[in-house]
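Residue numbers (my numbering), protein chains in the order written: chain A, 1 to 218; chain B, 219 to 436.
Presented below is the structure to which this report refers.
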């Protein structure tokens, strides 16, 4: 039993390591957009294989712990949550790569001033990511609930950014291609926030055994 | 044991029912775009809560089977695959909702001729979805591998559609807002194809015990 508890802790550590790596990719991809920094964007792309390896190794460990022990109740819920969270983290890494690719595209189009405040959205999204990981690390319900609340705020920022970008496309069509890059940057950020929300929901589910998904939808 | 086998079959049936429902939402959302049919789009939106309920019930059943039996090897891999697949299906349902929302937006902007061949992309994507579900139903490796191959083709169609839409935005800025709707329709279709690919990968993983994720990336 003692060994099983240690292995569960190791699994959590691996998830948090992967989360830190993904968080770092998100941060650098956003900075690459803000600074039109192609080499920084390249560094994000170069990190993707490592994140994918972490995904597979963590997934493998969770499956092995399920197979070798016969966990029930909270331990079982924790393992199932880990399998879901690792998938969310991998997808967040993919979205950071998408942002980095837009940074490269933007840096080749010259030094247009950013038409929307990407940094303001990114800061909120990164706070959600950090809080969702901390909720996982400390099994902290109130942090997890805080993430769910922030999701709506990010959705509003995204919608407002889209409206502004569409207006700009109509007024200054020569910049449409850059504006579309920004549409995708904002879209990717909003999706990263959605995945942070999923992680928070999974934390709440394994702690309480209560399903809080689709909390505001149905 | 006999009961466990029956329950595993029931789980698969539920996943396939959910898959059929999602597939139907995708089809109708695309038709709503092609026909600028707002009421059809509304029907897709109205179906989302049912898909979410199917997600939670299927997820619950998979967790219960993990808890009450102590599956190993292939049965364990099957249950883990189901937990992942149900998440992919739910996300595909969300993407169908996104397409339906764009259909509503488009129908309110009048009857612009579609600037890109959404139907051609959608047909390929829907074939991938159908094949991934059939691969799951019949535990068919070669069908699953076929899905992985089609993914690259859809990526190319998407990139070509984006290039065309950007050119149109620059030439006819007055239609930028509609063009952006089409960008998101194409994006959502491509993401649905990615989730079909995930399902095919999960089928291969549980059948063979070999991880085929990131097959073409690393």
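The C-beta atom is built at its ideal place from N, Cα and C for all residues, glycine as well.
Limits of the unbroken alpha helix (DSSP H) element including residue i
i: residue 219/B; result: Here residue 219/B belongs to no alpha helix (DSSP H), and DSSP marks it neither H nor E.
i: residue 365/B; result: 359-389
i: residue 320/B; result: 291-325
i: residue 57/A; result: 38-68
i: residue 169/B; result: Past the boundaries of the shown model lies residue 169/B; chain B is included only from 219 to 436, so the question cannot be answered.
i: residue 112/A; result: Element bounds for residue 112/A: n/a, residue is neither H nor E.
i: residue 213/A; result: Element bounds for residue 213/A: n/a, residue is neither H nor E.
CB contact flag (residue i, residue j, <7 Å)
i: residue 92/A; j: residue 195/A; result: yes
i: residue 250/B; j: residue 318/B; result: yes
i: residue 421/B; j: residue 353/B; result: yes
i: residue 240/B; j: residue 277/B; result: no
i: residue 425/B; j: residue 359/B; result: yes
i: residue 297/B; j: residue 307/B; result: no
i: residue 320/B; j: residue 248/B; result: no
i: residue 149/A; j: residue 193/A; result: no
i: residue 362/B; j: residue 407/B; result: no
i: residue 28/A; j: residue 95/A; result: no
i: residue 219/B; j: residue 337/B; result: no
Rounded straight-line distance, which links the Cα of residue j to that of residue i
i: residue 222/B; j: residue 292/B; result: 13 Å
i: residue 294/B; j: residue 302/B; result: 13 Å
i: residue 355/B; j: residue 385/B; result: 43 Å
i: residue 225/B; j: residue 333/B; result: 48 Å
i: residue 111/A; j: residue 36/A; result: 7 Å
i: residue 431/B; j: residue 52/A; result: 9 Å
i: residue 175/A; j: residue 388/B; result: 8 Å
i: residue 20/A; j: residue 256/B; result: 43 Å
i: residue 117/A; j: residue 81/A; result: 34 Å
i: residue 173/A; j: residue 264/B; result: 36 Å
i: residue 17/A; j: residue 43/A; result: 18 Å
i: residue 280/B; j: residue 230/B; result: 10 Å
i: residue 436/B; j: residue 327/B; result: Only weak support exists for where residue 436/B lies, its pLDDT of 34 falling under 50; the coordinates are left without a value.
i: residue 216/A; j: residue 418/B; result: Only weak support is given to the placement of residue 216/A: the predicted model assigns it a pLDDT of 47, under 50, and the question is left unresolved by the model.
i: residue 287/B; j: residue 228/B; result: 15 Å
i: residue 187/A; j: residue 232/B; result: 32 Å
i: residue 266/B; j: residue 205/A; result: 21 Å
i: residue 272/B; j: residue 242/B; result: 14 Å
i: residue 274/B; j: residue 105/A; result: 40 Å
i: residue 258/B; j: residue 50/A; result: 44 Å
i: residue 325/B; j: residue 379/B; result: 20 Å
i: residue 427/B; j: residue 139/A; result: 32 Å
i: residue 285/B; j: residue 67/A; result: 12 Å
Buried versus exposed, by CB contacts within 10 Å (16 or more), residue i
i: residue 71/A; result: buried
i: residue 198/A; result: buried
i: residue 113/A; result: exposed
i: residue 351/B; result: buried
i: residue 377/B; result: exposed
i: residue 372/B; result: buried
i: residue 147/A; result: buried
i: residue 152/A; result: exposed
i: residue 156/A; result: exposed
Any 3 or more C-beta pairs closer than 8 Å across the segment 171-181 of chain A and the segment 382-398 of chain B: The segment 171-181 of chain A vs the segment 382-398 of chain B: in contact.
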